[in-house]
Each structure stands twice: as C-alpha cells, then as structure tokens.
Amino acid sequence: MPIPISLTWFGKKRSAAPPPKDRSRLRVGIPKVLNIWSTHQFWVGFLTALGIAPENIIFSSDTSEEQYREFGKGRGTVDCCYPVKCISGHYGELLFGLKKKIDILLSPMIYSLPSFLRGHVLDTLTCTRVMAGPENIKAGFLKERDVFAENGVIYASPFVSLGEPAVVPDQLYEALKDILQLDYEETERAVEAGYRALEAFNQKMRQHSREVLTWCARNDRPCVFVLARPYHMDPGIGHEIEASIQAHGFPILWVQYFPLDDDLMDWLFGQEIRAGRIRSPFDISDVWPSSYSSNTNEILWGAKVAARCPWITCVIRFSSYECGMDQPTYTPTQKIVEATGTLFFKFGDLDATKPAGSIKIRVETIVHYVEKYSPEIIRRKRAWLPDPCPLLPSPEPVTQTLEPETDVARAF
Amino acid sequence: MQAVAHYTAYKPRPFTREERQHVTILFGGLTWKHERLIQATMHNLGYNAQPLPNIRRSDLDAGKELIDVGACCPTIFTTGNLVNFLKSEVARRGRDEVVNKYVFLTAGACGPCRFGQYHESYTMALDGLGLRDFRLFLLAQNQLDQGAAAGGGLEINLALSLGLVWAILCADVLTDMEYLTRPYEVVPGQTEEVLRESIEELYEVFRNRPIQGREGNKWKILGWHYLTDYFTDALERVRKKWEAIEVDRLRVKPKVKITGEFWLQTHEGEGNYNMKRWLEQEGAEVIPPPVAVWLDYLLHSPILKLEKRRRHERRARLKIAIIRALEHIFHRTYNRFRQALGGLPYELPDQEELKRLADPYYHYELRGGEGHMLVGKALYAYLHKKAHMICELSPYSCMPNTMSIGAMAQVQGKYPDMLYAPIEVKGDAEIHALSRCQMILTEAKKRAQQEFEQALAETGLTVEAIRAVEARHPELTRSTYRIPHYGYAGTAANYVVHIARKWRRALA
Ligand code: SF4
Ligand code: SF4
C-alpha cells in the first residue's frame, strides 16, 4: 500500500550536519497516531540529523477503518478510545503492509509536550493513554509470539519527556543507543535539530494562521475555530468535519497553530493582565486551575481566545468516544466560548465510523448560524477590545482574497 | 469600549481560622477504618471533621445526573456521594446553614488523569445543586507541608500530614488483620466486633496524640513520630483483643489478591460491588490492597525521576537523600506497626522489585492510575505465590487502567496459568462482573484444594493429626498466631507445612 505523506504536514527536512555513521539505509517506520500529529517534525529532524535518509522515514497512512480491519484486527487487547485503539492498525500496516520492509518501528511514549503554554501552566503532560498507548498496543503483537521479530523489525519505544528538552538527549540515548549505535554527543545534536525543525514548522503554521486571521479582519469575515486534540486532524479520527465547513467558504483555524505574536496577545488579553485578572496571555488559571495536561490546557486556552477574538464567531469542538480527558472540560469550554455569544458546536463521541449523513446536516446548520449571526458577533466582540487592532494596520480594507489550499487547510 | 463578563472557574471563598470552631470539614474516599482514624487526627488538631457516608449505589445516579457524561465511575460515585449528603443536609438544615457549616476537603492535584480534574465534576455538581458558594478544597497528596489553605482555616502542616499518614498505616495493618481472620473465624461476627473495638481504641489514641499541632519544630515532630512507642504500644494492646478470636485455618480457601485503580481497589462497599465481601462470601480469603503501597509509590517515584535528572536538576543528590530518609522512616514505621500486631499484616512489596517485574511490559515512568504497579503487583503475587488469583478492579471509562490491562495481555501470554480476573466496574453491571469473577474463582478453589492435598501428602499429615495438636495447643487456633509463608499460596497449605515443621514433637 502506498503511504501518502502530505509534504506540508509530514514533510521532511534534511539536516545540515553530516552524519557520523552511515544510517542512510535504515528504514524507520513511525505510526502516525496521537501526539505524533503535533511532534512529527521533531522526529523527522532528529532522525535525519542522525543520518537516516528522509525517504526512509515512513509514516503510516491516515487512520481508516480498512487499515484497522486489515492490519490491526485481533491484536486489540482492550476496548478504549478509538485514537488509541486504531494504533494496532498503524503498527500492522508498518509491519505487514509495506512493499519495502522497515528495520525499526519507532513508537515513542510521549510523556510531556513542548507546549506554548509551558511555564504558564502547572505541567504539559500528555493524556495517560497517549503516553502508555504504545505499551498497550505492543502487547497485542507480543502476547502469542513476537510478531516484530518474526518480521525482522526492531521495536523501539523510547519514553520521552518532550516538554523538558534538557532530559530528552538522555532519554533517547538510553533507549536507542544499541538500536542505532548512537553516541551521546550526536544524540544531543540530533535532539537539538529535532526541536529546531519542530519550532520552524510551528512558526510557519502560526504565520499562516495569522495571514488567515488578518484576511478575516480586513474583510470583516468570520472564521471557524477548531478546539480539538492534534490527532483530530487525522481524517480517520476527525472525519474532516472542518473541511466540510471550509467548503462553504469559511476559513478554519486550529487552536494548535493560533498566532502567538505579542501584539495580538496583548490586544486580546492585555486589559485583563493590567486588571490583575491573569498574569500573562497564556495564564489559564482563571478558567482551569489544575492545568496539568498539555492538550487539555491548549483547548481551554483556545476557548478563551475564541471568546475574545472577534472574527472567530464559531467554535467546533471535537471529542473522541470514551475520551476521559475531554469529559471534564465539556461544560467549562462551552461556557467560556458562549460567555461572549460566540457560537459553539460540539461533535462528541467520534469513533471509527463516519456518520456522513448526520455530519452533513449539522454542517449545514452550523453554516446557517455562522452566516446569520457572524456580523453581529464580530461587531459586539470588536467593541470590547481596544483600538488599534494589530490585524488592521491600515484603515483601508484589503481586497485580496485568501482561499486556503486543501492540503494546507488540513493543517489548520 | 464596553465591559464583558468572561467565564471564571469556581474559586472557594476563604475558610478562616475563626471559623474552625463551628465549621465541619467533610472528607471521604477511603474505608470506614481509615476515615475514623483520619477523623481522630483532625479532632486531635482541633478541627471538626466528619467522613461522608459510605458510598451507595444511589450515589452513582446522583453523580450521573449532575456531571458531564463519560466520567469514570470513581468520579461519578464520589461526586454523587457529596451531592447526596449535601442534598439531605439542605433538606434538614436549610441551604445557608449547609453552605456555612461545612467545607469539603478532597485529595486532588495529581496530574494527568481525571483525578487531577475531579474538582471540575464537583463544582459542576455544586452548580447543579445551586450551592456554588459551598467551599471545596483540594489537598495535594504529595506534599506534607503545604501551609495554610485559603483563609488559614485549615493548615496542612507536618503535624497534620504525619498524623494522617500514621492513621492510614494503622488502618492498613488492621485491615490486613481483618481479612486474614474473618474467613477463618469460628464464631461468626467476632472479627467484626473486635475490629470495631480496635478502631475505637485507636481513635482515642490518635485523638489524644500528645503533639497537639502546636507551632512545633518540624524535626521534633518528625523525630517524635519516628521514635515514639506511643502507637506501637497501642497496637500491642489491640493485638490482645485479637487473641480472643478463635480461627480454623484448615478451611481450604483460595487467596485472592485485589489490585486495580486506587479508589476502586481500596473501597469497601457498593462502589465496587462490595467485591471483597462478595469474594469472602464465595469462600475466598482476600488480600486487601493497603493504601501504604500507594503512598510508598508516590514517595519512591521521584527518586527514579531524580536519578535520571542528576545532571539537570539542582541538588538532585540531596533531594534523593532526603526522600530515601523519608522512605526509611515510612517503612520502619509500617514494619513496627506490623510487628506490634505479631508480624501478621503483610509486608510492603519492594518498589524496586515491582518496577523490575513490570519493566518488560509497562514502563515505570508512565503515570496515572496505579502506573506500572498494576502489572508489577500481579506478577509479584503470582511469582512469589502470594495468591491463587488476582482480581483487578478497573473502573468503567478509566484512562490509565485500560492501558495497563492491555499490557497485561502480554503477561498472560507469558504466564498462561496465572489466574487473572480483570473486572470492569460500571456501577450497574454487577451480575455480569460477579459471574466473570466466579468463573476464575472456581479454578482458584481447585488450585487451593490441590495445594492443600499436596501439602498433606508432602508432610504425611492428616487433618485429624493436626486437630489433635490443636487440641493440645490451643494457641495455634488464635487469630494472632503467625503462619509463615512456605511457598504455598493458600493459608491451609502453609499451615499444614508449619505444623509438620514446627510441631513435630507434638505430632509424635
Ligand atoms: S485524550 Fe482522550 S481520545 Fe486522546 S488518548 Fe486520551 S482518552 Fe483517548
Ligand atoms: S485513574 Fe481512572 S478511575 Fe481513577 S480517577 Fe483516573 S481516570 Fe478516573
């Protein structure tokens, strides 16, 4: 099965430093699941810096029911949320579904994340299922016999606290030194390269979001904001609901890539900081006191942004069936958003099946509401914020239209 | 520019020092034994404190009604428990009195799973009840000295924290006594009676703890708790009460080790289908999970983390040394309490060993629920022949548990004869859960019987011969008589070997 990799999304960059050892022929498969969706550039940067050829870093396909049926069935060990359950299909595809075999299956246990909220919140941990998912899934491939070994594949599952860059070289060195014949210094350099690649990618995406938002501001047009976990960008998990809304002409922004520029943050949150209500634009203690979980924190922060930013007139919230992390956040998120009259629509209990019919009906409803109420929402929210707006440098509206391309839109 | 009313999270109004006299601190979440001794500690420090009523099935309905769908069952049960209590108090005393008379204190703030987010469900429930001005405080479970909580009404200092930990350890060792004795008691109900008396005696002991929480020197408080015979003397007195209980250890019973999510495994009541009682009624001997293992885990895990961060963390060595010292104090205290009860309560498993056992299946740094311990404890019980069967209580919709149970698939693949019963507790699927457990229990019973017969064959003893020895040495039938572990899981089999080895002369 060919593995389609969006260049924008899972694109690879070559490292500048020459690799000390020849690892160019090693093929590394990475299941494209859970928080790989927000950290993939780190892994690409890290591996290429170690001399692995970019074309030899293979991500599994987007999640699909067929993938699970063909490669994962019978290996499930327990029933849980679909974003974790479907990993068996990704492992299976990398083990049995590739024409050219991989040598290593790399499935990191990501304990914490390099979130933009780090330092402003109590912690940036991942969901317990995200961090432990690989241990659960691997059991399904080892319970009867070692399926990895049978297929000549080394299973590598480093435990990694990506939210604490200082300890990552130790963690990756310890876990991968024998598998990749690493020495410590090159691991350190590769980790740095990984973070650089991730940062550059995030910057690019945020810049793009800023352009979208600027376009909205200058044309007084609404956009729709997605509050979800990174892996809801996977068409098999999020069912491309946002794409159907975008098809009606509303740009889509994802919370993960909202622009964080000082001018914009100060415009949205400055008054509250000066009033002593919050300490920084990224302080969420006013709405969520136990801010331990990275993606949860980002969703709560996103709700605050959505409540304030005038051109975000509508929020769509995605949640997977049986998601324990999202459950306590349903009401507060909705209340935060709706406090300013911003529209809020929740797509909960998403699982393997895509209920195309009901999604279509809901999308039509959303579109109707967005069209009808956006002008008033924009006007009202704009009146709460100070002048000047950093997105409107000139009083003249810019007439250029911006239609995000489909593959880029997926990243948003 | 206009003003806007943004949403803000619940924040309790302060609980002041002056209010201490007439405000009652509500708490819950452990067994009635633990809660009674915790109450004594609070009384000792001048607080009014009261445990919530034991969890009932109706708490599940009350919780479900008021919080968002999809919560794990411990969240629903504990929220519903508070809800039902407040509802009945409001009916009795009126809203304003309830809001001013009570505050609720709960453990929280522990990180990635829903446990760190319980507060949200509680506040949602308060909203639903129209009691948003009711005060709810979170107690971080990994800090012994947190200073004064909002308003100074409650001070989480060393005198309180050590009192609470010591109370929990005492309740743990007595719980072991209870479960070691009840299945074998000759006079039905006697264990229960003695247990209640013992807890009441310890209540007085904790209530009169001569520390009084005065602004004392921290080292002095710690030193006193570490060195004093105050608690061990009390436990020795308690032990005498247990001597009165006659037991029949020749009843062949499968031993069932309880593991699982923290709240669910600790709980005794309808919150987990009364699983421990049910197992006993079905003819099993239950090994209850002590809260101490959880505390030990909380204490130990930073060591492993710090060791990995030696180069990056300031004063890592010193911090490790301090934690090791605390660990020593903790273990020594637990062992002293065990010894005071004749060495009967189980020893704490070595955290390093749990980690080593779980290692190929579940990484020890993965957090949430029981972490790697769920796998480690099951292997510990199996490999050391401490139990015939492992009953793993897993809450419906729990996040970490689903992961570790998944990892257990590999363990079972490697040890196919391990009797492992993962039971999902939903609150309303009791029959299904119990019948699943029963199937595995039937196998465990067979194993216990085989073991017993093997022990008789190996020693050449008969039941009659043992009875004859017991008749001449009634001390053998006291609940306080200790039977060492001879490599059999079952009590009866070990008893046979013990009689053969230690009472050879009496047999002659
Ligand atoms: S955040 Fe929710 S959906 Fe994602 S892995 Fe955790 S429980 Fe599953
Ligand atoms: S460990 Fe599981 S059951 Fe316990 S609070 Fe967390 S999610 Fe709920």
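Heads up: the sequence lines are chains L and R, in that order.
Be aware that the first sequence starts at 1, since it is given in this note's numbering, and climbs by one per residue.
Be aware that the second sequence starts at 1001, since it is given in this note's numbering, and climbs by one per residue.
Glycine included, every Cβ here is placed at the ideal spot set by N, Cα and C.
When the alpha-carbon of Ala-352/L is set against those of Glu-174/L, Asp-234/L, Leu-47/L, the nearest one is in Asp-234/L.
In the three-state reduction of the DSSP assignment, Gly-1152/R falls in the strand class, which pools E and B.
In this structure, the C-beta of Gly-1368/R approaches ligand 2 to less than 7 Å from one of its heavy atoms.
Sequence-distant Cβ neighbours of Tyr-321/L in its own chain, meaning closer than 7 Å and more than five residues away, are Cys-81, Tyr-82, Asp-349, Leu-350, Asp-351. Closest option to Lys-1355/R, judged by alpha-carbon separation, among Glu-1370/R, Glu-1185/R, Ile-1055/R: Glu-1370/R.
Contacts with chain L at 8 Å (Cβ-Cβ) do not include Asp-1417/R. CA-CA distance, Tyr-1184/R to Thr-1079/R, rounds to 36 Å.
Within the same chain, Ala-1316, Arg-1317 come within 8 Å of Arg-1310/R by CB-CB distance, once the 5 residues on both sides are set aside. Counting other Cβ atoms within 10 Å of its Cβ, Tyr-184/L stays below 16 and is therefore classed as exposed.
Taking one beta carbon from each stretch, the stretch 1282-1299 of chain R and the stretch 1417-1431 of chain R have fewer than 3 pairs nearer than 8 Å; the two do not touch.
For Thr-1008/R, the chain L residues whose C-beta falls within less than 7 Å of its own C-beta are Asp-286, Val-287, listed in chain order. Sequence-distant Cβ neighbours of Ile-1199/R in its own chain, meaning closer than 6 Å and more than five residues away, are Lys-1033, Arg-1036. When C-beta distances to chain R are compared with 7 Å, the residues of the stretch 149-169 of chain L below that value are Phe-159, Ala-166, Val-167, in chain order. When Cβ-Cβ separations below 8 Å define contact, Asp-1068/R makes contact with chain L. Within the stretch 1065-1092 of chain R, no complete beta strand (DSSP E) segment of 3 residues or longer occurs. The stretch 1094-1108 of chain R and the stretch 366-375 of chain L do not touch, with fewer than three beta-carbon pairs separated by less than 8 Å. Nearest to Asn-1217/R by alpha-carbon distance, out of Leu-1158/R, His-1267/R, Arg-1336/R, is Leu-1158/R.
For the set Ile-57/L, Val-160/L, Asp-103/L, the Cα lying nearest the Cα of Asn-35/L is the one of Val-160/L. Runs of beta strand (DSSP E) with 3 or more residues, each lying fully within the stretch 108-195 of chain L, are found at 109-112, 154-156, 159-161, listed in chain order. Close CB contacts of Cys-1113/R within its chain, under the 7 Å cut and outside five residues either way in sequence, are with Gly-1368, Gly-1369, Met-1399, Pro-1400 (chain order). Taking the CA atoms as reference points, Ala-1009/R sits about 24 Å from Ile-1156/R. In summary, the residues of the stretch 374-393 of chain L whose CB is separated from some CB of chain R by less than 9 Å are Arg-380, Lys-381, Ala-383, Trp-384, Leu-385, Pro-386, Asp-387, in the order they occur in the chain. Not one heavy atom of ligand 2 falls within 7 Å of the beta-carbon of Pro-1289/R. The continuous beta strand (DSSP E) containing Asp-349/L extends over residues 343-350. Relative to the non-hydrogen atoms of ligand 1, the Cβ of Ser-1394/R never comes closer than 7 Å to any of them.
With contacts defined as CB atoms closer than 8 Å, Leu-253/L and Arg-317/L fail to qualify as a contacting pair. DSSP places Ala-49/L within a helical segment (H, G or I) once states are collapsed to three. Rounded to the nearest angstrom, the gap between the Cα atoms of Arg-75/L and Tyr-1396/R is 21 Å. Our two residues, Ile-87/L and Ile-1405/R, have alpha carbons roughly 16 Å apart in a direct line.
For Val-1186/R, there are no neighbours in chain L by C-beta distance under 9 Å, as the nearest C-beta there is about 43 Å away.
If you ignore the 5 residues before and after Glu-1246/R, its C-beta comes within less than 6 Å of the C-beta of Val-1186, Thr-1477, all in its own chain and listed in chain order. Residue ranges of uninterrupted beta strand (DSSP E) with 3 or more members, entirely inside the stretch 240-314 of chain L and ordered along the chain, are 252-254.
With a cut-off of 7 Å, the C-beta of Arg-1020/R is classified as distant from ligand 1, since no heavy atom of the ligand falls inside that distance. In this structure, Glu-322/L has its CB at a distance of at least 7 Å from all heavy atoms of ligand 2. Listed along the chain, the chain R residues whose CB falls inside 8 Å of the CB of Leu-142/L are Gln-1410, Gly-1413.
Counting the other CB atoms within 10 Å of its CB gives Asn-1208/R a total below 16, which places it among the exposed residues.
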